[in-house]
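Step one of this worksheet: look at the structure below.
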Amino acid sequence: MTTLVFLEHNGGVIQKGGLGVLAKALALGGDVAGVVVGHGVADVAASAGAFGAGTVYVVDAPAFEAPLPQPRVDALEAVVAASGAENVFFAASVLSADVAAGLSARLDAGINWDLTDLVLDGGQLVGKRPALGDTVLVDVGWTTTPRIALVRSGAFEPVETGGSTTVHDVAVTLQDFSTAAQMVEQAHEQASGPSIEDADVIVAGGRGLGTADGFKLAEELAAALGGAVAATRAVVDAGWYPYSTQVGQTGKSVSPKLYIALGISGAIQHKVGMQNSGVIVAINKDPNAPIFDFADFGVVGDLNQVAPKLAELVRARKA
Amino acid sequence: MKVAVCVKQVPDATSARRIDASTNRLDRSGEGAINATDINAVEEALRIKEAHGGEVVVVSFGPARALDSLRKALAMGADRALLVSDEAAAGSDLVATSYAIAKALEREGADLVLFGQQSSDSDGAVLWSAVADRLRRPLISQVADLGVDGSSVTGKRQTEFGYDVISAPLPAVVAVSDAINEPRYPSLKGIMGAKSKPAETVSLADIGVESERAGTSGSRTTVLALSPPPSKGDQIKIEDDGSAAEKLVDWLAEKKLL
Amino acid sequence: MASEIRAADYPPPFSSAEVIAAPTDAPDERIEVGVLVVGGGPAGLACAIRLGQLIEADPAVAERLGDVPVALVDKGKQPGSHLLSGAVMNPRAVRRLFKGRPEQLEGIPTYGEVPGEGVYLLTRKRALRIPPPPTLRNHGNWIISISQMCRYLAEQAEAGGTFVLPETAADRLLVDHGRVVGIRSGDKGRGKEGEPLGNFEPGADIVAKVTVLAEGTAGHLTGAALDHFGLNGREPQIWELGVKEVWRVPKPLRKIVHTMGWPLRKSARYREFGGSWLYPMGDDMVSLGFVVGLDYRDLELSAHDLLQEFKTHSFVRAILDGGERVAWGAKTITSGGWHAMPRSLGAPGLLLAGESAGLVDLARLKGVHYAIESGRLAAEAAFGSLQRGENPGRIGAFDGYDAEVRNGYLGKSLHEVRNMRQAFEKGFFVGGGLASAMTVTKGKLPPKEFHNEPNAAAPLLRTDRAAKYPAPDGVLTFDKLSSVFAAGNRTRDDQPNHVRVEQRVPRDVAEMWAWMCPAQVYEAGEDNGDGTVDVKVTPSNCVQCGAITARGGRLTPPEGGSGPEYTQT
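Chains as they are written, first to last, in this note's numbering: chain U, 1 to 319; chain S, 1001 to 1258; chain X, 2001 to 2569.
Rendered as structure tokens:
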């Protein structure tokens, strides 16, 4: 079985999600190779060795400089042909999801997404995904090859193996329409403070905080718990907190041991960024907030009362 | 300018959502609501029409019932609705669905195709990219702000790293996020006028989809089994009567999270 | 003895005059329809369906009705979303409605005919089977979900040509030169303080030749219309509050069950009138609910908690054991009966049908077929008047309809049981005896006519009743907030408050409201130091049951589409 793992990268660093999927692919067995697409990515490709990718297919050309999906579909089509791969795995991200689906159409290859696990059952690859608001777990399969799998962000942890990698360059012919979309201005991450992705405890604030000042409550509670502060898209858009702390579909995916959501409704766009957290606590005054559906401990109440009290009690316990 | 919006009817969040045990597929017989972000896409299309003139067509792919969600789009101001409804399409996965939708859109020949970014049920979460590939058109996804002039579109899109600005020549495919606009409420006149707007239902054959490319034959994935999810443990939900913080701290301590 | 505290002494900041208005939109902006039906319940839908039938048979009248001959507005997400009832329905009215149309009749979703029935008197520990009173004989009646049935009826109405407009609140009654000329629909897209938001959409004037109010219990326009046209009944209207659950159960229930007694108290001092029902919905589901009259005295009485307490009785546990709750809802029932019916069911340009017309037979627990039959008659009255080229806006235009309802089988049935409810003011045993006398003599005995006390005038007392409510266990019993969630409540958070109550009231009144409300909308705030507290209102929880209108406040319709999304109730 030959498996390709798409390794998305940004600022010279391979994204954690892809490395996690790489670990999973290696665990499943067979020949596993990473795929790195970009411009000037020799070092990025080499770094994949440390995470177990003995082989990396590289597509390196100016046309791939911008993180746009369609040229990457052309690239992967070429790599699949060159490698004879049966499986192509992706860790879900805004970019990867588009690449995976585009590839599915290009090759008429089956794609299963939102997977939380991949297993071999009688030699066959089977994906597992939750459905219907996490009330049921579905086993999904593929009827042809290549099999495209889009794995839920944060589902697997990277494994550092040490090791080097052999790079294979692949030449790609671009479709005429693939380069029609042009990057006019590329995003730059504004880094400030420790990354929320590494935190064990996160206190996240949403619109229910009322104003930007409301974040003081989140900061106080986070400090008491020794955790980081995160935010929803709505409050980041409103300028209450920096983008680097945004959790959700278009922000970061986090899976801390403890996630406390203050004044967050729990709409799907946010949920997908934190649903893998170990324990989810929600404090919200709206009893109908969807977050109560999947929170392990929900408090319907005024966070302005509950959060400070909680911080105080936590400090007392830890003392 | 002709704008086509692909919309989807999904089971209502509140109706009991179940998997049909006999087919292992989502039981769609419950009430239907138009997918939330598709409404944002319809709103965006209407704004483009208001600025540039032209026509807005809503396209959907599903059972006959899906016509209801198309009527809502017509009530908001869309001009025409096209529903591809065919029993042979049952059980279509992304490969089959994207093929059929691409065929329907080719028939329409729109300058701009809009999708809503998120579908809340089990399929369609990445449909636009597959459709863009089949149509051989440039794609901009996750768009939170869209600018359109006569010959190109420019989208401000949100990724994990911040906002990109991407432009593409028309004809193009754009998937919008719910951040893009606040959809209008259909006016009563709009709701009543919707009845007399053209709404066409076509079969797969009408749009040129071969039978082997539809339904389960046209699909490349399959549902094997269902099982209850790994137990999450008991969920607790309490109302604060002044003691919630204490209860929570005790619980966290018990779970060794402090 | 301390002076009695009554909610009626603290009326809400509301006046019916606010609800009556002349059209304000420019004439070419107004939406013109032939007949406008307000309310997508069984009365409104029957009216729309019958109108469709009549128009089909006489296209000439259709011309006179214009481009939109019949329009029906409903404030819920779709017809059925706000409908809740037991229900066991007498099929007489639907058979008449669909006379000659067997496919439509057969298409009505039902859970079959009543398989058998039992009436029980409950004590804390026991369930004593008693002979069913003559008013509770349901042989040949159908078990239905009113929400499901009306979704079906709405489809029939649309197929017959009615424009069904869901998510449309009826905000004002349009009256011009003493005639009802239509309604104004509610605005959408206002913020908490009433300010227009980015997608603000103002309501519209819908003008019609005839307007039919079929708003159900505690109707917003209906209440104002009765005041405006001086149509309030001889006796004030009164209500019951019902709280309902639907359960999936492993063991089929093979008969319909009604209970009386526990957990309600028998003494006249408490004025606790009511009981419960348990109806099978097919083999694998059960509908159950608890109803209590809103004339009760104990301020800690909570219909929601009574239902939870009721479920802990071994008799009920046995039915629900191993099952799971799949739906919840609450709604008031108009129970003043004959004496509280409006003086006339018609006014210039206006017809009242169904519960809006006070047509509920509480003794027999019947309202659905009254609604359907009166809806049908209203359609005939409206159509007939237009067919004959009469002016439906003249005084007395619909006196014929009023007479037909009162003198027909609906009126006769209501008249027979006209004093039943009031008799129970005397307490369970005396009331029960009186009720039997009434039933047996078809209303001729006893000769005295009883009077209604308005629900809000109930003097309040405390007995620490709340201590007996079970703590929710999340399996058999539930708290109010989970229940509200189970009702699929979709009220937008930042909407203006649609509930009118006096802000500063004695603590007793505020707490009474808090216990009364099945959706936890009210909360008694801190003491103000002068014997009053401020009432805190959370309107987004509201399931629009109407109880507040009965007990001292006023429910107005929020933005169309808000509120619960009942599907199986």
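Every residue gets a Cβ at the ideal spot worked out from N, C-alpha and C, and that includes glycine.
Contact belief for residue i with residue j at Cβ below 8 Å, rounded distance in angstroms
i: S:G1162; j: S:I1140; result: 16 Å between Cβ atoms; not a contact.
i: X:P2091; j: X:N2141; result: 7 Å
i: X:V2537; j: X:N2489; result: Actually they do not touch by this definition, with Cβ atoms about 15 Å apart.
i: X:L2362; j: X:Y2401; result: About 23 Å; that fails the 8 Å criterion.
i: S:V1003; j: S:V1056; result: 5 Å
i: U:L150; j: U:I202; result: That pair is no contact at about 25 Å.
i: X:L2174; j: X:P2023; result: 5 Å
i: U:A187; j: S:T1159; result: 6 Å
i: X:I2146; j: X:T2110; result: Contact flag wrong, Cβ pair sits at about 11 Å.
i: U:Q305; j: S:D1240; result: 7 Å
i: X:G2080; j: X:R2151; result: 4 Å
i: U:S153; j: U:S253; result: 4 Å
i: S:S1092; j: S:A1214; result: 6 Å
Residue j beta carbon less than 7 Å from that of residue i
i: X:A2524; j: X:R2507; result: yes
i: X:T2217; j: X:G2560; result: no
i: X:V2119; j: X:I2108; result: no
i: X:A2456; j: X:R2554; result: no
i: X:F2315; j: X:F2290; result: no
i: X:I2031; j: X:I2206; result: yes
i: U:T2; j: U:E86; result: yes
i: U:G298; j: U:A282; result: yes
i: X:P2069; j: X:A2060; result: no
i: X:Q2237; j: X:A2340; result: yes
i: X:A2169; j: X:K2075; result: yes
i: X:N2541; j: X:V2505; result: no
i: U:G38; j: U:F64; result: yes
Span separating the alpha-carbon of residue i from that of residue j
i: X:K2125; j: X:H2313; result: 7 Å
i: X:E2201; j: X:L2481; result: 31 Å
i: S:G1147; j: S:I1048; result: 9 Å
i: X:R2421; j: X:G2274; result: 10 Å
i: U:A234; j: U:Y241; result: 10 Å
i: S:E1200; j: U:Q249; result: 35 Å
i: X:P2342; j: X:G2116; result: 36 Å
i: X:L2377; j: X:R2271; result: 36 Å
i: X:A2219; j: X:F2163; result: The residue asked about is misnamed: residue 2219 of chain X is Gly in this sequence, not Ala. Using only the alpha carbons, I get a separation of about 21 Å.
i: U:A25; j: U:V32; result: 7 Å
i: X:R2064; j: X:V2033; result: 10 Å
i: S:G1077; j: S:G1242; result: 50 Å
i: U:A155; j: U:G20; result: 8 Å
i: X:L2221; j: X:G2346; result: 14 Å
i: S:S1217; j: S:E1087; result: 13 Å
i: X:A2017; j: X:A2397; result: 24 Å
i: U:V88; j: U:L118; result: 12 Å
i: S:R1107; j: S:A1172; result: 15 Å
i: U:V300; j: X:A2519; result: 14 Å
i: X:A2007; j: X:V2368; result: 31 Å
i: U:D198; j: U:P256; result: 8 Å
i: S:I1039; j: U:L28; result: 41 Å
i: U:F292; j: S:V1059; result: 35 Å
i: X:N2232; j: S:L1112; result: 59 Å
Taking contact to mean 3 or more Cβ pairs, one atom from each stretch, closer than 8 Å, check whether the region 212 to 229 of chain U and the region 1179 to 1197 of chain S are in contact. no
Does the pairing of the region 2509 to 2519 of chain X with the region 2291 to 2305 of chain X give three or more beta-carbon distances under 8 Å? yes
Validate contact between the region 103 to 112 of chain U and the region 74 to 82 of chain U using beta carbons, cut 8 Å, 3 pairs: yes
Three or more C-beta pairs under 8 Å: does that hold for the region 1216 to 1229 of chain S against the region 277 to 293 of chain U? no
Inside the region 2020 to 2092 of chain X only - alpha helix (DSSP H) runs reaching at least 4 residues: 2042 to 2057 and 2059 to 2065
Hey, which unbroken runs of the alpha helix (DSSP H) at 4 residues or more fall wholly within the region 259 to 286 of chain U? 268 to 271
Completely contained beta strand (DSSP E) runs for the region 195 to 244 of chain U, where each covers 3 or more residues: 201 to 205 and 228 to 231
Whole beta strand (DSSP E) elements within the region 2138 to 2183 of chain X, 3-residue minimum: 2163 to 2165 and 2170 to 2176
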